[in-house]
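Presented below is the structure to which this report refers.
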Amino acid sequence: MVRRLSTRLLNVCVASLCKAHKLETAETVIIDGVRLGVLPDVVTYNTLIDAYCRFVGIDSGYSILHRMGEAGITPDIISYNSLIAGATRNGQIARSLDLFDEMIQRGIAPDVWSYNTLMHGFFKLGKPDMANRVFRDIILCEHSPSAATFNIMMNGLCKNGYTKNAFMLFRNLQRHGFVPKLVTYNILVNGLCKIGRLESARRILKEIWESGHVPNAITYTTILKCFFRKKKFEEGLELLSEMKCKGYTFDGFAYCTVIGALIKIGKVKEATEFMVDLRRTGTELDIVSYNTLINMYCKDGKLEEAYKLLDEIEKKGLECDKYTHTIMIHGLCKAGNVEGAAQHLRYMNMMGFDSNLVAFNCLVDGLCKVGQIDDAMKVYKSMEVRDSFTYSSLVHNLCRDGRYRSAAKLLLSCLRSGMKILKSAQRAVLLGLRYSGFPREAKKLKSKIRIARILNY
DNA sequence: GTAGGGTTAG
Numbered sequence: 001m002v003r004r005l006s007t008r009l010l011n012v013c014v015a016s017l018c019k020a021h022k023l024e025t026a027e028t029v030i031i032d033g034v035r036l037g038v039l040p041d042v043v044t045y046n047t048l049i050d051a052y053c054r055f056v057g058i059d060s061g062y063s064i065l066h067r068m069g070e071a072g073i074t075p076d077i078i079s080y081n082s083l084i085a086g087a088t089r090n091g092q093i094a095r096s097l098d099l100f101d102e103m104i105q106r107g108i109a110p111d112v113w114s115y116n117t118l119m120h121g122f123f124k125l126g127k128p129d130m131a132n133r134v135f136r137d138i139i140l141c142e143h144s145p146s147a148a149t150f151n152i153m154m155n156g157l158c159k160n161g162y163t164k165n166a167f168m169l170f171r172n173l174q175r176h177g178f179v180p181k182l183v184t185y186n187i188l189v190n191g192l193c194k195i196g197r198l199e200s201a202r203r204i205l206k207e208i209w210e211s212g213h214v215p216n217a218i219t220y221t222t223i224l225k226c227f228f229r230k231k232k233f234e235e236g237l238e239l240l241s242e243m244k245c246k247g248y249t250f251d252g253f254a255y256c257t258v259i260g261a262l263i264k265i266g267k268v269k270e271a272t273e274f275m276v277d278l279r280r281t282g283t284e285l286d287i288v289s290y291n292t293l294i295n296m297y298c299k300d301g302k303l304e305e306a307y308k309l310l311d312e313i314e315k316k317g318l319e320c321d322k323y324t325h326t327i328m329i330h331g332l333c334k335a336g337n338v339e340g341a342a343q344h345l346r347y348m349n350m351m352g353f354d355s356n357l358v359a360f361n362c363l364v365d366g367l368c369k370v371g372q373i374d375d376a377m378k379v380y381k382s383m384e385v386r387d388s389f390t391y392s393s394l395v396h397n398l399c400r401d402g403r404y405r406s407a408a409k410l411l412l413s414c415l416r417s418g419m420k421i422l423k424s425a426q427r428a429v430l431l432g433l434r435y436s437g438f439p440r441e442a443k444k445l446k447s448k449i450r451i452a453r454i455l456n457y
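Residue numbering for the first sequence follows UniProt numbering, beginning at 1 and increasing consecutively.
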């Protein structure tokens, strides 16, 4: 009894450490436990598998499976479901299917969650038809679908551009006695907002109240973000005060939606007010929240404050992600410190982050803005991947520098590789050529652009 | 344990 109680305690401890990304500490606690005679059980190992899959990689998660075998503990359905989830999160569907085979061979029957996870994976990969096949399997075979099955299905349909179908499924299910939870409503509200159907989203909001549910901060922030995205700032701010009046407590998510939206429309002062409010509540911030705040400071030119937050992140044991670094690179560029930005980019690569197109684009644009176009071209040439941002920025700035012929060359190679370019960049080249004494070249370029467009259709 | 809202560039 004592031992079982201790193992349970060990598991609680390991789970909270894993949640805080402190995997090494979790491992130390397990080793210490063994020394004291507290043995880890299947739950301990399952917690580790999930954490390693999330924060390190599917291979590390899989190696835990071996370790548990060596410790004489047989993996169960949860061990495999965690691994399958880990593989699908990384877009490794083939790996998930292998894991399916492996578990069946070991005599562990997949449950509805194994299928749910797989379905979710297919949706995330943008393969709704495959997800649909899994869904049909769940319905037709002996696995009875769980409420989550339908939620995953509806969410996947919405995310893959089939919001109407999600809606049809929803109404069908209701006719068959399905009682939607708030999560289901939130999925639909989000789906409708994403396709700009604000009125329908509002109707669902009414339906939520009528069904006896109380919409939560998620419901409201989803609609709020939609208002801001559609530039309906007045209505957005109105909804915001409605939330405040009704006494909704903002969580980190809600705050960040609002702060992020306010920054986007240039209302940095208002965003800062929300930030002060957020800090006052003492809400634990995760890396995404920190990224939002760092972005706010960068947009406001307060880089010192941004660096303070970076220190705070480190002190809390959180890890910066590619967004954090990209936001910093953009902030440094915006402040005119391109040298610092380039240094940060090198640092980012050194830390093992993949070559990041957005960060490179920021640097290219930053170099252009301080007049170092040749350096920008050097960076451009070193880039493995380029997109319409890269080209638009360079073409614009070459024009600003009066180098219309180089701009024209770049413009064509952009269009010929099938990418779009800002209309204004295109116009700048054509007008530049025409009015700097090369009207015939402008005319030629125009027809070349036309041909490139036709070929890309 | 698995499902819903938030972060980057021209």
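We put the beta carbon where it would ideally sit given N, CA and C, even for glycine.
Who are the Cβ neighbours of residue i in its own chain at under 6 angstroms, not counting the five residues just before and after it?
| i | result |
| --- | --- |
| A87 | I58, R95, S96 |
| I218 | N186 |
| M1 | In this prediction, M1 has a pLDDT of 46, which is less than 50 and means its spatial position is unreliable; what the coordinates show is noted afterwards. Nothing meets the Cβ criterion. |
| V258 | F274 |
| H330 | C362 |
| A341 | I329, L332, C333, L363, G366 |
| N155 | I187 |
In whole angstroms, what separates the C-alpha of residue i from that of residue j?
| i | j | result |
| --- | --- | --- |
| I152 | E384 | 36 angstroms |
| L357 | S146 | 40 angstroms |
| C141 | Y115 | 11 angstroms |
| E305 | L262 | 19 angstroms |
| G126 | E312 | 37 angstroms |
| Y323 | N291 | 7 angstroms |
| R8 | T47 | 12 angstroms |
| T390 | L363 | 10 angstroms |
| R244 | E238 | Checking the sequence shown, residue 244 turns out to be Lys, not Arg. Roughly 10 angstroms separates the two Cα atoms. |
| S82 | V38 | 24 angstroms |
| G161 | G191 | 9 angstroms |
| N132 | V288 | 32 angstroms |
| R203 | W209 | 10 angstroms |
| L310 | V338 | 19 angstroms |
| R434 | R405 | 11 angstroms |
For residue i, does the count of other Cβ atoms within 10 angstroms reach 16, so buried, or fall short, so exposed?
| i | result |
| --- | --- |
| V395 | buried |
| S417 | exposed |
| T74 | exposed |
| K444 | exposed |
| I451 | exposed |
| H344 | buried |
| R171 | exposed |
| K378 | exposed |
| I139 | exposed |
| R106 | exposed |
| G33 | buried |
| T249 | exposed |
| L430 | buried |
| N11 | buried |
| P439 | exposed |
| I31 | exposed |
| R427 | exposed |
| V14 | buried |
| S79 | buried |
Let me make sure I understand the geometry here. Which of the options has the alpha-carbon closest to that of residue i?
| i | options | result |
| --- | --- | --- |
| G301 | K334, I329, E273, T283 | K334 |
| E207 | F122, T222, L182 | L182 |
| K264 | K232, L278, L65, R400 | K232 |
| C368 | F353, I421, S393 | S393 |
| F178 | S211, G352, K409, E199 | S211 |
| G236 | K246, I223, A15, C245 | I223 |
| A85 | T149, W113, S63 | W113 |
| A51 | G371, C13, K22, G196 | K22 |
| F360 | M168, G121, G371, K381 | K381 |
| D365 | G352, G340, N397, R346 | N397 |
| C298 | A271, K159, G317, L278 | A271 |
| K19 | D41, D286, D137 | D286 |
Assuming residue i contacts residue j (C-beta within less than 8 angstroms), just tell me the rounded distance between them.
| i | j | result |
| --- | --- | --- |
| T283 | D251 | 7 angstroms |
| H325 | M296 | About 16 angstroms; that fails the 8 angstroms criterion. |
| I104 | I77 | That pair is no contact at about 11 angstroms. |
| S388 | K420 | 5 angstroms |
| F135 | M119 | 6 angstroms |
| L173 | A166 | Actually they do not touch by this definition, with Cβ atoms about 11 angstroms apart. |
To which residues of the same chain is residue i closer than 7 angstroms at the C-beta, ignoring the five residues directly before and after it?
| i | result |
| --- | --- |
| L17 | T25, A26, V29 |
| A254 | A217, T221 |
| G121 | T88, I93, S96 |
| N90 | I58 |
Could you name the residues of the same chain whose beta carbon sits closer than 8 angstroms to that of residue i, not counting the 5 residues immediately before and after it, in chain order?
| i | result |
| --- | --- |
| I454 | none |
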